[in-house]
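This report refers to the structure that appears directly beneath it.
Number of protein chains: 2
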Amino acid sequence: MQIIITGGAGFLGQRLAKALLKSSLAFDELVLVDIVLPDNPGNDNRISCLQADLSKEGAAQKLIQPETGFVFHLAAVVSSQAEKEFDLGWKVNLDTTRNLLEACRHQHPGIRFVFASGMAVYGGQLPPVINEATVVTPQSSYGTQKAIAELLINDYSRKNFVDGRVLRLPTICVRPGRPNLAASSFLSSIIREPINGEKAVCPVSPDLPVLLASPDTIIENILKGATLAGADFGGWRTVNMPAVGVTVQEMLDSLERIAGKETRARVEFRPDPAINAIVSSWPGAIDNSRALGLGFNVDGPFDGFITQFIAQNEAKPD
Amino acid sequence: MQIIITGGAGFLGQRLAKALLKSSLAFDELVLVDIVLPDNPGNDNRISCLQADLSKEGAAQKLIQPETGFVFHLAAVVSSQAEKEFDLGWKVNLDTTRNLLEACRHQHPGIRFVFASGMAVYGGQLPPVINEATVVTPQSSYGTQKAIAELLINDYSRKNFVDGRVLRLPTICVRPGRPNLAASSFLSSIIREPINGEKAVCPVSPDLPVLLASPDTIIENILKGATLAGADFGGWRTVNMPAVGVTVQEMLDSLERIAGKETRARVEFRPDPAINAIVSSWPGAIDNSRALGLGFNVDGPFDGFITQFIAQNEAKPD
């Protein structure tokens, strides 16, 4: 059995690959594919790393094999980039997803298609607390593309062309490494950079509420989403991944508690209307009950997000 | 100024063209386009009829002109057909819509893009009464394709690439002519055929609730949707068109009241699981308040649907 991870060069792809190598899931091959050649995530002869543009005609068909059992589709153009590069966003976030679904459908039925969607599908006039019954009215092209991919995967699952699982991820915090082009990137920067002795800019108001999950929890939940029985999802394959709601102020209070006043002082507020427009359209409070009922995990208080980052940052396991 | 109607050969396209010719909207050209050459809906030198497959590369670009002011995008593969012919459904209901939006975007901003969506976007576990805050979980490929088109048009409108208006039409009753491949086609057949002295088959249970609007109301509301200011829609361009909720039994009671026992007796119940699966997933009760607040119209009791049909059937205006 073969497992494919798209976006295999990214932080989540690399972390997921390592988790799969350690998991009880039996497989013969683990393929990491990305627009740039992914790093090899471990010393294991089941791994292969591949550079490919899956939005190109025929590329997805070439990738999906008779042995393919799981596709973890993580590849995406992130939110701020999809807003600036409209055509690229549709090409990668819609066309690639559709190409992969078509390739699975025409290969063999029952491939587990695990899709990383996001809370960015929500936007506009939201109720105080969102859940899976909340209407999807995205206020960004990225959110629109994710919402469309969700609908596609549900229809392909209903037709038994794939065995889809749509996991709406909250913002991941703390991401290691450098800032990326996601509008939410600052939510890791304002913790990571100060801890690493660098300055960070916060482009939104301190009272903005955000929904977060830690990398460990996200990876556990992606594996959970892949290994649940299809029937567990009932008639709709989309689940909001459990998140913790905090304000930016609470994140910085936590930073000061754990890393000290001096570290906290490295964060400067400088409003950015473009980022604010996207991030403030996302929900700030969530009812996690569908996901918890399915056995997904949720993080504890925000202090734990920071201690998880510090421990992994010092160990440099990734 | 030029107006384009896709699906111009269809019942709605022809009716809309006639209504536009009589309306106060000033224009220089009215183009009816369809996969088959549309009939000329009137003796007016502003009309042109065109055969084209708009899912083909470049066809939409050729259609949309510097003079284009309105696009009424009515063309679609209907529900039962999209369920049976999966690839054709996506090609027409998704690719054509996307091609038209791209052509408008690259022609000039502000083209009013009026889209005929449908209540088929709803499905699955619905609340007793639906409104625009009801989550969209379609149970057919047709409904999925309409939901995706809605998201596309909202995003293109948010970016000011088009001035979109998404009108979710209820089932139209009574359609003149012959049955089509829509799963809802029987809802006209069970009235139209008996009145015309023919037998009709009802494939669902008499207690199934359905949402209906008459042809006159639908056409008035499409014109209304086209002429409202974009700002009237607020942050989201999708509106449920007002509908009347009735059961199939109530429709037949009405038929008996207006056309007699003998006419009513021409309807035979013969369950069809495939049609039932699609139609029973659609909502049966609606809160019309958003649309009524915007000035859209709603029909009266179901008797009026039948008298409208009889009057127009005898006059044969179409």
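Read top to bottom, the protein sequences are chains E and D. Counting from 1, one number per residue, gives the positions in the first sequence under the UniProt record's numbering. Counting from 1, one number per residue, gives the positions in the second sequence under the UniProt record's numbering. Don't be surprised by glycine CBs; every beta carbon is placed ideally from N, CA and C. Predicted model only: the values in this text are computed from it and were never measured.
The C-beta of F11(E) comes no closer than 8 Å to any C-beta of chain D.
Residues of chain E with a Cβ closer than 8 Å to the Cβ of F86(D) are, in chain order, K159.
Residue pairing by DSSP puts H73(D) in a beta bridge opposite T6(D) and F115(D). When DSSP states are grouped into helix, strand and coil, F186(E) belongs to the helix group.
For the segment 208-285 of chain D, the full-length beta strand (DSSP E) segments reaching 3 residues or more read 209-213, 238-240, 244-247 and 267-269 along the chain. I258(E) and S185(E) have their C-alpha atoms roughly 21 Å apart.
Judged by DSSP secondary structure, E102(E) falls within the alpha helix (DSSP H) whose first and last residues are T97 to Q107.
With fewer than 16 other Cβ atoms from the protein chains shown falling within 10 Å of its own Cβ, H108(E) counts as exposed. Cβ atoms of V78(E) and L181(E) come within 8 Å of each other, at about 5 Å.
Per DSSP, A200(D) is one residue of the beta strand (DSSP E) stretching across A200 to C202. Beta-bridge annotation (DSSP): V33(D) is paired with T6(D) and L50(D). When C-beta atoms of the segment 141-156 of chain D are compared with those of the segment 296-309 of chain D, fewer than three pairs fall below 8 Å, so the two segments do not count as touching. Contact residues of the segment 147-175 of chain E toward chain D are A147, I148, L151, L152, N154, D155, R158 and K159 (C-beta to C-beta distance below 8 Å). In the three-state reduction of the DSSP assignment, I64(E) falls in the coil class. Beta-bridge partners of L169(E) (DSSP): G118(E).
Between the alpha carbons of R165(D) and E102(D) lies a gap of roughly 16 Å. Contact of Q125(D) with chain E by beta-carbon distance below 9 Å involves A133, G234, G235 and W236. By the Cβ neighbour-count rule, G69(E) is buried, with 16 or more other Cβ atoms within 10 Å of its own.
A contact between stretches requires three or more CB pairs, one per stretch, nearer than 8 Å, and the segment 155-175 of chain D meets this requirement with the segment 206-221 of chain D. Collapsing the DSSP output to three states places D87(E) in a helix. As the crow flies, the alpha-carbon of L126(D) is around 14 Å from that of V210(D). In chain order, R158 and G235 make up the part of chain E whose C-beta sits under 8 Å from the C-beta of Q139(D). Under the 10 Å beta carbon count, N40(E) is surrounded by fewer than 16 other beta carbons and is classified as exposed.
Take S80(E), set aside five residues on each side of it, and the residues of its chain with a beta-carbon closer than 6 Å to its own are L181 and A183, in chain order.
Separation of I222(E) and V135(D) (C-alpha to C-alpha, rounded to the nearest whole angstrom) is 24 Å.
A residue is called buried once 16 or more other Cβ atoms fall within 10 Å of its Cβ, and Q2(D) is buried on that count.
For I130(D), DSSP records a beta bridge to I286(D).
One alpha carbon belongs to F302(E), the other to M119(D), and they sit about 42 Å apart.
In this structure, the alpha-carbon of A291(E) lies about 28 Å from that of V92(E). Look at T144(D): its C-beta is under 8 Å from a C-beta on chain E.
When the alpha-carbon of I310(E) is set against those of V279(E), V248(E), S281(E) and I195(E), the nearest one is in I195(E).
E57(E) and E57(D) have their C-alpha atoms some 15 Å from each other. Annotation for T247(D): D207 and P209 place their beta carbon closer than 6 Å to its own, counting only its chain and skipping 5 residues before and after. Beta-bridge annotation (DSSP): G164(D) is paired with F113(D). In terms of Cβ geometry, G110(D) and S281(D) do not form a close pair [threshold 8 Å]. Following the DSSP letters along the chain, one finds F305(E) inside the alpha helix (DSSP H) bounded by residues D303 to A315.
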